[in-house]
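There are 2 protein chains.
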Amino acid sequence: MSRDSRLSGVLHVLLHMAEQRRPLTSEALAETMRTNPVVVRRVLAGLRERGYVQSSKGHGGGWTIARDLADVSLRDIYEAIGAPALFAIGHRSEAPGCAVELAVNAVLGASLREAEERLLASFGAVTLADLSTAFHHGLAQRAAGPTTRGHHGH
Amino acid sequence: MSRDSRLSGVLHVLLHMAEQRRPLTSEALAETMRTNPVVVRRVLAGLRERGYVQSSKGHGGGWTIARDLADVSLRDIYEAIGAPALFAIGHRSEAPGCAVELAVNAVLGASLREAEERLLASFGAVTLADLSTAFHHGLAQRAAGPTTRGHHGH
DNA sequence: ATTTCATGCATCAATGATAGTTACATGAGT
DNA sequence: ACTCATGTAACTATCATTGATGCATGAAAT
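Residue numbers (the working numbering), protein chains in the order written: chain A, 955 to 1108; chain B, 955 to 1108.
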């Protein structure tokens, strides 16, 4: 539990949802991730607010993807789950009174800000459709099958 | 205490040491950082092992810088303190059995690895001398004084 | 209508890492 | 000897994610 795995987890869940046209319950999704249904609902709640996914109660209820996979980037998902801190390292104090610390914060902060911008940009350049393609491509590699097929059975 | 501030803290301490030719005690260094002397010794222990700083016991003892500031990069310092995790986000499991998670890890991991490489490279491009210069430049800005002076009093 | 299923949400415990503190041993200098 | 300062172990505090439980809400099936 050392690192925040919400982005990784929600992407995992989304790809499973993308593979099934019918709604998937948070219990079913939680099983594939070996976690608790409440954890799944917690992260998906943020996506629901932005309209990326949809949830329905009662029999046959569950979660479905509400947007075209090509229209949602990893950055969109990252922001939907609350844009958690990307870096594990940071400053000692945000408002230092010491001139030395000001200089350290300035230099260190410049590197971190640049790295953050680039990472977010790289998240923005990958869509859920890309992720799905990577998944199917990986499956094809393992099965040593052709990569030109549009639809693979599960 | 949300983020790891060891790198920020140790750089702060190093710049203070660079300003004073005489050894500084961990108690004095801790005061400037508003922390505990043991915390200072803990982070500086890693630098001592690599020969970046030197410590001496007894009267007049304390910590001194043992290398030319221009020869030590921020990346050297980062590695000396144990190369702690840079990112707060990561995978759910490092050895997933699920093909979907494999794909997610591959795509997400690629972005993170690239960002890590770039961040470490940017750390490697900054030396302690650069940091010291940035500090003195900041002081000069505040004092509206010349920047061509070699030595500034403290 | 009642039962069943599934989400929505509040609340609390578990976990793991840094940060902070205390205590004591070691060694250098006066 | 006595004092100063590091070296290190051990413990507590803090904070965020994660996991778990309980209960209310609402939709579908019987």
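Glycine included, every Cβ here is placed at the ideal spot set by N, Cα and C.
Q: Please report the Cβ distance between Ser-1009 of chain A and Pro-991 of chain A, rounded to the nearest whole angstrom; I am assuming they are in contact, meaning their Cβ atoms lie under 8 Å.
A: Not confirmed; about 12 Å, so no contact.
Q) Any idea if His-1091 of chain B is buried or exposed, counting beta-carbon neighbours within 10 angstroms, 16 or more meaning buried? A) exposed
Q | chain B contact for Asp-958 of chain A (CB, 8 Å cutoff) | A | yes
Q. Can you find at least 3 beta carbon pairs, one from the stretch 984-998 of chain B and one from the stretch 963-971 of chain B, that sit closer than 8 Å?
A. yes
Q: Name, going along the chain, the residues of the stretch 1001-1034 of chain B whose beta-carbon falls closer than 9 Å to a beta-carbon of chain A.
A: Leu-1028, Tyr-1032
Q.
According to DSSP, simplified to helix, strand and coil, what is Ile-1112 of chain B?
A. Because chain B here runs from 955 to 1108, residue 1112 of chain B falls outside it and cannot be looked at.
Q: Please confirm if Ser-980 of chain A has its CB atom under 8 Å from at least one CB of chain B.
A: no
Q: Note down, in chain order, each residue of its chain lying with its Cβ closer than 6 Å to the Cβ of Ala-1083 of chain A, except the 5 sequence neighbours on either side.
A: Leu-1023, Ala-1024
Q) Considering Thr-1018 of chain A, what are the terminal residues of the beta strand (DSSP E) in which it resides? A) 1016-1019
Q. What is the DSSP secondary structure of Thr-986 of chain B, counted as helix, strand or coil?
A. helix
Q.
Can you find the residues in the same chain that come closer than 8 Å, C-beta to C-beta, to Leu-1062 of chain A, ignoring five residues on each side of it along the sequence?
A. His-1045
Q) Under a CB-based cut-off of 8 Å, is Leu-1062 of chain B close to chain A? A) yes
**Q.** Selection from A:Ile-1031, A:Gly-1016, A:His-1013 that minimises the alpha carbon distance to Glu-1003 of chain A
**A.** A:Ile-1031
Q. Which of helix, strand or coil does DSSP assign to Asp-958 of chain B?
A. strand
Q: With 9 Å as the limit, tell me which residues of the stretch 1041-1054 of chain B have their beta carbon closer than that to any beta carbon of chain A; keep them in chain order.
A: Phe-1041, Ala-1042, Ile-1043, Gly-1044, His-1045, Arg-1046, Ser-1047, Pro-1050, Cys-1052, Ala-1053, Val-1054
Q) Taking the Cβ atom as the reference point for each residue, do Leu-978 of chain B and Leu-1085 of chain B lie within a distance shorter than 8 Å? A) no
Q | Distance, Cys-1052 of chain A Cα to Thr-986 of chain B Cα | A | 8 Å
Q) What residue range is occupied by the uninterrupted alpha helix (DSSP H) comprising Ser-1065 of chain A? A) 1053-1078
(Q) In the DSSP output, which residue or residues are listed as bridge partners for Ser-1027 of chain B? (A) B:Thr-1081
**Q.** Residue of A:Asp-958, A:Ala-984, A:Gly-1014 minimising C-alpha distance to Arg-976 of chain A
**A.** A:Gly-1014
Q. Which first and last residues belong to the alpha helix (DSSP H) in which Arg-996 of chain B is found?
A. 991-1003
Q) If we call anything under 8 Å between Cβ atoms a contact, is Arg-1021 of chain A one with Gly-1005 of chain A? A) yes
Q) Considering only C-alpha positions, which residue in the set A:Met-971, A:Arg-957, A:Arg-1067 is nearest to Gly-1016 of chain A? A) A:Met-971
**Q.** Same chain, Cβ closer than 6 Å to Glu-1078 of chain B, neighbours up to 5 away in sequence not counted
**A.** Contrary to the premise, residue 1078 of chain B reads as Gly rather than Glu in this sequence. Result list for Gly-1078 of chain B: Ser-1027, Arg-1029, in chain order.
Q) Thr-1018 of chain A: which of A:Glu-1055, A:Arg-1072, A:Ala-982, A:Glu-1070 sits nearest, CA to CA? A) A:Ala-982
Q. In chain A, which residues lie with their C-beta within 7 Å of the C-beta of Arg-940 of chain B?
A. For residue 940 of chain B there is no data in the structure shown, the boundaries of chain B being 955 and 1108.
Q: Give the single residue among B:Thr-989, B:Ser-1047, B:Leu-1073 whose Cα lies nearest to the Cα of Arg-988 of chain A.
A: B:Ser-1047
Q. Roughly how many whole angstroms lie between the Cα atoms of Phe-1041 of chain B and Leu-1040 of chain A?
A. 6 Å
Q.
Starting from Gln-974 of chain A, trace the beta strand (DSSP E) in both directions and tell me its first and last residue.
A. Gln-974 of chain A -> no beta strand (DSSP E), and no H or E assigned at all.
**Q.** Residues bridged to Leu-978 of chain B [DSSP beta-bridge criterion]
**A.** B:Trp-1017
(Q) Nearest by alpha-carbon distance to Asn-1059 of chain B: which of A:Ala-1064, A:Glu-1033, A:Phe-1089 is it? (A) A:Phe-1089
Q | Strand pairing of Ser-1009 of chain B, partner residues [DSSP] | A | B:Trp-1017
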